[in-house]
Structure formats: structure tokens, C-alpha cells
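Numbered by full-length UniProt numbering, the letters in the sequence shown go through residues 1 to 610 in order.
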Amino acid sequence: AHNRPSVLLHTSATQSTRRCLGPEPLWSIQLVGRSERFSSRPHRCRRPLLHPRGGAPTAVTQHNISQPYAAAAKAIRRAAQVIRRRSSRKRLIATMGKNQHSKDRMFITATEHAGLYGGYKKKKTIGLTGALPFDCCALSLLPFDSPVCARDGILFDALQLLPYVQEKGVSPATGKKLAVKDVLRLKMAKNQDNQWHCPVTCKVFTNHSKVVCIATTGNVFSKDAVKELCFKRNCLEDLLDATPFRKEDVISLHDPDDKDLVSRRDLANFWHLQEERKKRDAELGSKGSFKQTDAQKEVLAEAKRNVQEREAQRMCVCGNHNSICSMASPVAFHAGLAKEKARQEALNAPDRPENRGLTEAYLRVRQLGATTDEVTPGSKLTSGATSGSFTSSAMDRSTTAALRAATDDELKTARWKVLRSLGQKGYARIRTSLGDLNVEIHCDMVPRAAENFLGLCRDGKYDETLFHRVVRHFVAQGGDPTGTGRGGDSLWGAPFADEFDSRLTHSERGVLAYANDGRDRNKQQFYVTFKSCGHLDNKHTVFGRVVGGHDVLDRIERIEVDAADDHRPLKDGVKILGTDVFVDPTVEADAKFEGELRAKIAARAAAAPA
1 AHNRPSVLLH TSATQSTRRC LGPEPLWSIQ LVGRSERFSS RPHRCRRPLL HPRGGAPTAV
61 TQHNISQPYA AAAKAIRRAA QVIRRRSSRK RLIATMGKNQ HSKDRMFITA TEHAGLYGGY
121 KKKKTIGLTG ALPFDCCALS LLPFDSPVCA RDGILFDALQ LLPYVQEKGV SPATGKKLAV
181 KDVLRLKMAK NQDNQWHCPV TCKVFTNHSK VVCIATTGNV FSKDAVKELC FKRNCLEDLL
241 DATPFRKEDV ISLHDPDDKD LVSRRDLANF WHLQEERKKR DAELGSKGSF KQTDAQKEVL
301 AEAKRNVQER EAQRMCVCGN HNSICSMASP VAFHAGLAKE KARQEALNAP DRPENRGLTE
361 AYLRVRQLGA TTDEVTPGSK LTSGATSGSF TSSAMDRSTT AALRAATDDE LKTARWKVLR
421 SLGQKGYARI RTSLGDLNVE IHCDMVPRAA ENFLGLCRDG KYDETLFHRV VRHFVAQGGD
481 PTGTGRGGDS LWGAPFADEF DSRLTHSERG VLAYANDGRD RNKQQFYVTF KSCGHLDNKH
541 TVFGRVVGGH DVLDRIERIE VDAADDHRPL KDGVKILGTD VFVDPTVEAD AKFEGELRAK
601 IAARAAAAPA
């Protein structure tokens, strides 16, 4: 009986209760307020308690229970939890001292800077680093046409390597002696896409391929083909012409797992680049540590011209030609003005490659010399002449913070902002071999993309081009003058950035958008959707939609294509015969932009002090 657990019970002083009382327990649990503790002897309540039914006062006695073990075990577990909680709280308080942040640093230590934050001060400053691409010559660093190599496996172009070896007699990659007779001419195969590949497995050689050549024949194969068909079968014969060879005749040309070959093909280890770097450093060292910038060279050249003019004037005075001397300065001034004007006209000539796609109105605006505040209100960017003259003695003295002239990018951005503010749409017609498509161009939402399309249509860049890719229930892609899907240039020559608007999505049939080969790589190619294509949103710039000729769009979708050839239409396909521009808001935007800038420049000139 003494081994049974006992708990404190409020019992009534009745006969039945007294019969249930057992012997005195060995230990018990006492509840005092919110505290709980173990006790080795029974306790009695200090004050009597009222019976729930109004009976006689009761007292707390020890009741030995044999049945409800669960209640007793629960009370014991609760007591143990309280004890553990109190002990853990004491340990936590003991560990939290006053100097817990004593090792925190308010600065980055040398160890942290070298290990966690990059250690940028210890990095080597080397111009060219990294492995040379597989299809590039190690001397010119350009793709090769007639590959050759030596026994070290480094690839060159024959037109670049042979003259170099004849002149210097060393390898440009390693600096070791090399003769023309030691150069191996390689026979490397190309596929129909003009890519180097293995003639046995037909796998294209990439920067991750393992490539070898046979020294006796010069044929180039993938390493896997030679391993499986020659070494494992113990048949050391060339895979193309059956010429026998030895294992020593197999030269590794490219292997990312070969550390020695990767090190030899590293641009930082090329001998001719190291020699060129040493030569350049020696030239800079002989000239001193002072490096002239373009602005400093221009200032020095102007000072030299001024000295020559003063010397000419002095000689005129010594020769008693005062009348000529009095006319020398004005004539030189007007001659300089004429020369500067001719230079500006040459820079703004429409036939220059830099001015491709720029309108005549924009070229006139660029000559006005508008400041940043006039082009973009609130953008007060100075030329920096004051700070430059204060910190450098090579610049002219300047005490006024004059606003600098706006750049081409700032002028173009402001012009497109004016085009967007007009709120007008552009309209054009695409004449195809199956009918005409009337399109609406969103000049008020994507002005740059809209101007590119309308400008290409106006210049006839889409004439006689094909829809080279037609995918049913998806898109019809065209506009490539080469018809391969890889050609085409933008109105300005270079690719232009993406323009996204939340109102323009691929949510319907007949949406016009630009095809690109990456982010901000829009050029000339475009596509028309046959259904909604939500997965293309915010990946391709939407610039218009088809508003007329949906039956023509149906005929284009039903044309027969070759699914194996990237869905290229069969026979003659769908040809774009020409394009017509009906409404082009860029003309009105140019006139408005030029008028506003001229008014601002006139107001600035009127407010300037005399």
C-alpha cells in the first residue's frame, strides 16, 4: 500500500469516506497557491472548507487511490515540468551577463574583409583572364577559319600563326621555340549551320566539348568517338581514312577536365599578351606617371595654338606690317567659326552611320545646344567646369556653375515623352501575298517601339521579306530580310530596350510584338499572335494589333509548314510585298518638341545679362 501514489483530496467527513481512507502514504504533493513542491509527509488544510452540498466542514486528507493512476501521473508530470522550467530560467539568467556584446566591433576587421567581404584589395588586376573559347585563335583572339595547332594542342588560325612563327620563331601562347614544319594543319568538319562538329557523331563542338585530333592525318573528332571506336576496340586507325596511328599521335585540343590544357589556354598565361603588357608598362613608365586625358590634350593643343598666333603677331609687328596684324586676329576668328560650323554640319549629316534613323528635326534640335533643365525640367546638371578648375591646374578657371548641354539619350527620351503625350495612334498596312493586314500602332504607350516599326515601314525594310515561321494556334513570325530568323537591324542599327505597359498584353488574337534573342535585344523581326499567349507578357514588347484583315490572318495560320524545319512554310510561303504608313504621329511630335526647345532657348538668351 505504501508504494501506491497518493494525492491531496477534499473529502467530506462521512462514514463512506472514512472507510476509504487508507494508511499514511510515503510521500505526497502539496498545492500551496501557485507554487508546487514535494513533501515527505501528509498535510492538513489550515482552514476548513465547505462541502459542496452544504455538509460539515471538510479537511484535506491523504487519500490512497489505486484506480486513477492517470490523474496522479499527470500531476507528477506537471510538477516536473515546473521544476525544469525554473531551472532552465536560472541557467539563462546566469549566461546573460553585462558584457555579452563586448566582442562586437563597430568596424570591419581584416579577417572579415579578406574572408567575408571579398578581399578586393588583394585581387590581382589583370586585363584579360579566363579560358579562350574553343573556336577562337590564340593569337588574334578571333574565330578561326583555317585551324592549325602544334603538339601542345593550342588552336590558331593559319593566316595569323605562320607569319608570326616565321618572324619570331616561337609559339605566341607558350613562348617556346616553334618552327613552321612543327605546325599541324587540321581538317575540321562543319555542318549545314556552319558550325564545327565531329564528322562521326555529328555533335557540335562547344566550350564544354572534349575534342582531339590525329597528328598523322590532321582529322578532328570528339574524344568519345575515338575512345569508343578506336581504343576500346583496339583498332588504332583513323575513323575517316583508316590511316594507322599510335596513342602518342592523339592530341587533345579542348578538354575542360584537363587542368594542364585549361591552364595553357588561359588568356592570362598567353606569352604574347604578357609581352605586350610589359611593353606597354615600360612605355608608360618612360613617360612618367602623368597620364593625359582627352580634355587635357585638347587644352594643351589650344594653348599651343595661342602661342603660335601671338608669335605670328609679334613677327608682323617687327616687320612693320601693322595693318596685316590688325586683320590677323579677326580673320583667324572667323576662320575658326567657319571650321567649327563645317565640323558640326559634318557630324549632323544624315548619311553618317551614327545618325542612322534620326529625323531631320531631331538633328536640328541637337545643334541648338539645349541644357538639361530645358530638355528635362528640374534636371539641373552642371558641366563640372568649376570643380574641375578648382582641383586641376590644367583646366581653365571657371567660377560659374553653368548647366551642361543635354546628351543624345536625354534628347531622345524627352522626344519620346512628347510623342507619348500626344495620345495618338499610328496606322499602317502590311501587304502580303495572301492579302492585306491593317494594323494599329500604340505610339501613345510604347513610343520607341512604335517609331522603330513605322520608320522601318517607311524606309521599305519589310519589303520582299517572308513569314519564315508559322506555328498554328501560336504565332506567325516575320520581318527578317535574310529569312533565317537571325537577321535584321533596328531603325537605328543597334538593338533597343524593351518597353512594357500593363495595358498591352498578349490577351487576344492579332497582337503585334517584337521577337528578340534576349532582354533589351529588339531589332526588326516581329510576330502576330493567333491566340492569347499570356506566357509572353513582359518578355516581348507589344507595340500594335491587327484591326483589319482577320480573314488573311486565318489563311496565314492554315498554310502548310514543315514541323521538322522549325515550322517553316512550304513552297513559296507567305511573303510581305510591301508596307504603307497612313498615320505617323512622330512628325507632329518632332515639330512640337523643336518648337518648345526653341522657345526655352530664346527665353534663356533674353534673360542672360548683356
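From the three backbone atoms N, C-alpha and C, an ideal C-beta is built for every residue, glycine too.
Keep in mind the model is a prediction, meaning the values are calculated, not measured.
How far does the beta strand (DSSP E) with A428 in it extend, from its first residue to its last? G426 to T432
| request: For F156, collect the residues of the same chain with a Cβ closer than 6 angstroms to its Cβ; drop the 5 residues on either side in sequence, then sort them by chain order. | output: C137, A138, L139 and V148
Could you tell me the distance, in whole angstroms, from the CA atom of M188 to the CA atom of R519? 34 angstroms
TODO: Could you pull out every residue in the same chain whose Cβ sits closer than 7 angstroms to the Cβ of D241, ignoring the five residues on either side in sequence?
DONE: T217
Q.
Tell me the DSSP secondary structure of A189 in three-state form.
A. strand
- Integer Cβ distance of E594 from R364, believed to fall under 8 angstroms: 6 angstroms
**Item:** CA nearest to the CA of K425, picked from V446, P244 and K210
**Value:** V446
So which of E309, I214 and G487 has the shortest CA-CA distance to K247? I214
Notebook entry, point to check: Can you list, in chain order, the residues of its chain whose CB lies under 7 angstroms from that of P585, leaving out five sequence neighbours each side?
Noted result: L419, L422, Q424, G426 and C443
Worksheet item: Which of helix, strand or coil does DSSP assign to D554?
Response: helix
- Where the beta strand (DSSP E) through K523 begins and ends: N522 to T529
key: S329 to K304 span [Cα, whole Å]   = Because the pLDDT at S329 is just 43, under 50, the model does not fix this residue reliably, and the value given afterwards should be weighed accordingly. Cα to Cα, the separation comes out at about 16 angstroms.
Endpoints, the alpha helix (DSSP H) within which K223 is located: K223 to V226
Around the C-beta of Q477, are 16 or more other C-beta atoms found within 10 angstroms, so that it is buried, or is it exposed? buried
Same chain, Cβ closer than 8 angstroms to L261, neighbours up to 5 away in sequence not counted
G153, S252, H254 and D255
_Less than 8 angstroms between the C-beta atoms of F496 and S502, yes or no?_
no
Three-pair Cβ contact test at 8 angstroms for the stretch 529-538 versus the stretch 506-515
yes
Candidates L161, A603, L411 and K181: closest to P172 by CA position: L161
#### Entry: For L411 and R568, the rounded distance between their alpha carbons
42 angstroms
Report task. Tell me whether the beta-carbon of V204 lies closer than 8 angstroms to the beta-carbon of Q195. Result -> yes
Inset, instruction - Would you kindly work out how many angstroms separate the C-alpha atoms of L236 and K210, rounded to a whole number? - result: 19 angstroms
| Whose C-beta lies closer than 6 angstroms to the C-beta of C230 among residues of the same chain, with five residues either side of it excluded? | L236
task = Assuming T579 and C457 form a contact by the criterion Cβ under 8 angstroms, report the distance between their Cβ atoms to the nearest whole angstrom.
result = 4 angstroms
Check: Under a three-way DSSP split, which group does T382 fall into?
Finding: strand
- Rounded separation between A301 and G388 - CA only: 18 angstroms
Check: If we call anything under 8 angstroms between Cβ atoms a contact, is N438 one with G548?
Finding: yes
Quiz item: Quick one, which of E283, L381 and A494 has its alpha-carbon nearest G357's?
Solution: A494
**Item:** C-beta contact flag for T465 and G485 at 8 angstroms
**Value:** no
_Please classify V307 as buried or exposed, where buried requires at least 16 other C-beta atoms within 10 Å of its C-beta._
exposed
Beta-carbon proximity of A131 to R265, cut-off 8 angstroms = yes
Identity of the residue in K575, D396 and A71 nearest A295 by Cα: D396
Original post:
In whole angstroms, what is the alpha-carbon distance linking R472 and D459?
Top reply: 30 angstroms
Can you tell me the Cα-Cα spacing of E374 and F270, whole angstroms?
52 angstroms
Out of curiosity, what's the CA-to-CA distance linking D224 and K571? 40 angstroms
Exercise for the section: Counting only the same chain and skipping the five closest in sequence on each side, list residues whose C-beta sits under 6 angstroms from that of R431. Expected result: L577 and G578
Determine which residues share a DSSP beta bridge with G219 and list them. One point to set straight first is that residue 219 is Asn, not Gly, in the sequence displayed. Beta-bridge pairing links N219 to K187.
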